[in-house]
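Report on the following structure.
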Amino acid sequence: MKQLLTEKPRVLKMIDVEEPKIEGPRDVLVKMKAAGICGSDVHIYHGTSPVATYPRVMGHEIVGVVVETGKEVTKVKAGDPVIIDQIVACGECYPCKIGRPNICCNMKVRGVHIDGGYREYVTAGEEAMHLLPSGLAFTDAVMIEPMSIAFQSCSRAQITKEDIVFILGAGALGKSLIKAVLLTGARIIVSDVVDQRLEEAAALGVSRIINSKKEDLAAKLKEYTRWGPTVSIDAAGFPGSLPLLTDLTCNAGRVITMAFLEEPSPVQQFKITAKELDIRGSRLQNHKFEEVINAYKAGKITIEGQVSHIFPFAEAIEAFQRIDSGDPEIRKVALSFE
Ligand SMILES: [Zn+2]
Ligand SMILES: [Zn+2]
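When we follow numbering that gives the first Met the number 0, the leftmost residue of the sequence shown carries the number 0, and every step to the right adds one.
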């Protein structure tokens with residue numbers, strides 16, 4: 000089979016290797032149908048991921064069809080369309096024991112620490128398999144993964160309908176967050192510096208949008224909320240974003256970080272203490288695939304319409320080159336194995 004190997008940063012090779020085989024009784028062999036290219040894949044390709052190791056087969060948005068199952072597999076059968084959970088957890092460390100395998104101390108993420116979906120066949124344990132809803136195209140189904148990241152952030156923030164949620168940044172992550180927060184019934188305010196992104200946020204149903212380049216963000220938030228947002232989610236992730244959100248968030252509020260930013264953020268401890276802020280990280284997702292799939296099935300969220308470009312898997316290297324070209328038309332790329 001063909002696989003796209005990132006030998007080292009910026010060196011991609013399409014190579015022939017043997018197909019993986021079912022080893023354990025609970026293993027499932029999946030023929031790939033589609034894989035998304037995410038911002039974090041581009042970081043791995045560029046060598047700017049703080050967690051990836053090389054050589055690596057990237058790809059953590061992994062969609063395919065089951066071709067073979069181990070003897071003890073009951074969750075899926077041959078022919079089932081699936082998305083594969085990106086997390087492999089040890090089951091033994093403290094976070095695993097308390098039901099948080101997404102931050103397992105020995106975690107392996109497919110496409111990051113172990114090989115992912117940019118290859119024609121993948122094996123994984125049946126626990127990683129999630130049945131796709133019928134009628135969803137494989138290339139659209141890759142978006143279940145980014146949506147699960149947004150669901151995780153909402154669950155970390157423990158949002159209720161009484162909350163006022165401020166989302167900093169209306170890019171791809173910000174928009175997934177908007178969809179997820181809308182399900183909670185909380186009020187939403189979104190800021191960005193690009194009008195077009197804010198218009199797209201408004202089209203999703205956000206009535207309070209702020210262009211922080213043109214308007215005074217703090218004054219606007221005061222006008223809209225009186226005491227400040229009760230939850231702030233950082234979907235922008237720059238060194239000044241965390242200090243900014245500790246300033247803007249209401250006393251007793253929650254601030255959620257999502258970026259893998261290695262640069263220090265100069266936060267005043269005073270703000271956290273005096274306001275009793277909860278600063279919480281949100282990483283990957285903890286059993287959120289099923290929640291996303293169920294919300295989609297119930298007609299509560301849309302998943303389609305987000306992939307702007309589809310490349311055949313054979314042209315995966317060209318796909319990365321196109322993303323690197325900075326073409327503004329490129330928003331979300333999916334690789335198709337059909
Ligand atoms: Zn992703
Ligand atoms: Zn663990």
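No residue lacks a Cβ here, since even glycine has one placed at the ideal position from N, Cα and C.
Measure how close the beta-carbons of Ser190 and Ile177 come, nearest whole angstrom, since I'm counting them as under 8 Å.
Going by Cβ atoms, the distance from Ser190 to Ile177 rounds to 12 Å, so no, they are not a contact pair.
Thinking C-alpha only, which one of Phe150, Val72, Phe319 is nearest Asn285?
Closest by alpha carbon: Phe150.
Provide the residue span of the alpha helix (DSSP H) that contains Pro80, from first to last.
Careful: Pro80 lies outside any alpha helix (DSSP H), inside the beta strand (DSSP E) at 80-83.
Pick from Cys249, Cys104, Pro54: whose alpha carbon is nearest that of Ile163?
The shortest C-alpha separation from Ile163 is found at Cys249.
Relative to ligand 2, is the shortest distance from any of its heavy atoms to the C-beta of Gly46 smaller than 8 Å?
No, since every heavy atom of ligand 2 falls outside the 8 Å radius drawn around the Cβ of Gly46.
Could you tell me which residues DSSP pairs with Asn210 in its beta bridges?
Looking at the DSSP assignment, Asn210 forms a beta bridge with Asp191.
Is Gly35 a contact residue of ligand 1, with contact defined as CB to any heavy atom under 8 Å?
Yes, the Cβ of Gly35 comes within 8 Å of a heavy atom of ligand 1.
Relative to the C-alpha of Leu4, which residue among Ala200, Phe312, Lys274 is closest?
Ranking Ala200, Phe312, Lys274 by Cα distance to Leu4 puts Phe312 first.
Taking Cβ positions, are Ile158 and Ile188 nearer each other than 9 Å?
Going by C-beta atoms, Ile158 is not nearer than 9 Å to Ile188.
Under 8 Å: do the segment 272-284 and the segment 251-260 share three or more Cβ pairs, one atom per stretch?
Contact holds: three or more Cβ-Cβ distances are below 8 Å.
Give every residue of the same chain whose Cβ lies closer than 6 Å to the Cβ of Pro238, excluding the five residues on either side of it in the sequence, and list them in chain order.
Closer than 6 Å at Cβ, skipping near neighbours: Glu262, Ser264.
Can you tell me whether Cys104 is buried or exposed, with buried defined as 16 or more other CB within 10 angstroms of its CB?
Looking at its Cβ environment, which holds fewer than 16 other Cβ atoms inside 10 Å, Cys104 is exposed.
Report all residues for which the CB-ligand distance to some heavy atom of ligand 2 is below 7 Å; order them along the chain.
That gives Ala88, Cys89, Gly90, Glu91, Cys92, Pro94, Cys95, Pro100, Cys103, Cys104, Asn105, Met106.
Is His112 near ligand 1, with its Cβ less than 8 Å from a heavy atom?
Checking every heavy atom of ligand 1 against the Cβ of His112, none is found closer than 8 Å.
Name the DSSP bridge partner or partners of Lys7?
For Lys7, which the question treats as bridged, DSSP gives the partners Val10.
Among the candidates Val193, Ala201, Pro228, Ile232, whose CA atom is the shortest distance from the CA of Glu214?
Residue Val193 is the option with its Cα nearest to Glu214.
Under DSSP, the beta strand (DSSP E) around Pro311 begins and ends at which residues?
Segment 308-311, the beta strand (DSSP E) holding Pro311.
Name, in chain order, the residues that DSSP records as bridge partners for His129.
Paired residue(s): Ile82.
Could you tell me whether the Cβ atoms of Val291 and Ile309 are closer together than 9 Å?
For Val291 and Ile309, no; Cβs fall outside 9 Å.
Is Pro145 near ligand 1, with its Cβ less than 8 Å from a heavy atom?
Yes - ligand 1 has a heavy atom lying nearer than 8 Å to the Cβ of Pro145.
Which whole-angstrom value describes the C-beta separation of Val65 and Val27, a residue pair presumed to lie in contact below a C-beta threshold of 8 Å?
So it is a contact: roughly 6 Å between Cβ atoms.
Can you name the start and end residues of the beta strand (DSSP E) that Thr224 belongs to?
Thr224 -> not in any beta strand (DSSP E); alpha helix (DSSP H) instead, spanning 216-224.
How about Ser281: is its Cβ closer than 8 Å to a heavy atom in ligand 1?
Answer for Ser281: no, Cβ out of range of ligand 1.
Applying the 10 Å Cβ sphere with the 16-neighbour rule, what's the burial state of Gly110?
Looking at its Cβ environment, which holds 16 or more other Cβ atoms inside 10 Å, Gly110 is buried.
Please indicate yes or no: does the CB of Gly252 lie closer than 8 Å to some heavy atom of ligand 1?
Checking the Cβ of Gly252 against ligand 1 gives no.
How far does the beta strand (DSSP E) with Gly124 in it extend, from its first residue to its last?
Counting along the chain, the beta strand (DSSP E) containing Gly124 begins and ends at 120-124.
At what residue ranges does the segment 239-320 contain a whole run of the beta strand (DSSP E), taking only runs of 3 or more?
DSSP runs (the beta strand (DSSP E)) wholly in the segment 239-320: 253-256, 277-280, 308-311.
Take Thr138 and list the residues in its own chain whose beta-carbon comes closer than 7 Å to its own, dropping the five residues that flank it on each side.
Correct list, in chain order: Ala33, Val306, Ile309, Ala333, Ser335.
Since I believe Arg196 is in contact with Ala169 (beta carbons under 8 Å), could you give me their beta-carbon distance rounded to a whole number of angstroms?
Yes, Ala169 and Arg196 are in contact; Cβ-Cβ is about 4 Å, under 8 Å.
Only counting runs of 3 or more residues, tell me where the beta strand (DSSP E) segments fall wholly within the segment 55-121, in order along the chain.
Counting whole runs of 3 or more residues, the segment 55-121 contains the beta strand (DSSP E) stretches 61-68, 80-83.
Rounded to the nearest angstrom, how far is the Cβ of Arg25 from that of Glu91, given a contact under 8 Å?
Not quite, the Cβ-Cβ distance comes to about 18 Å (not below 8 Å), so this is no contact.
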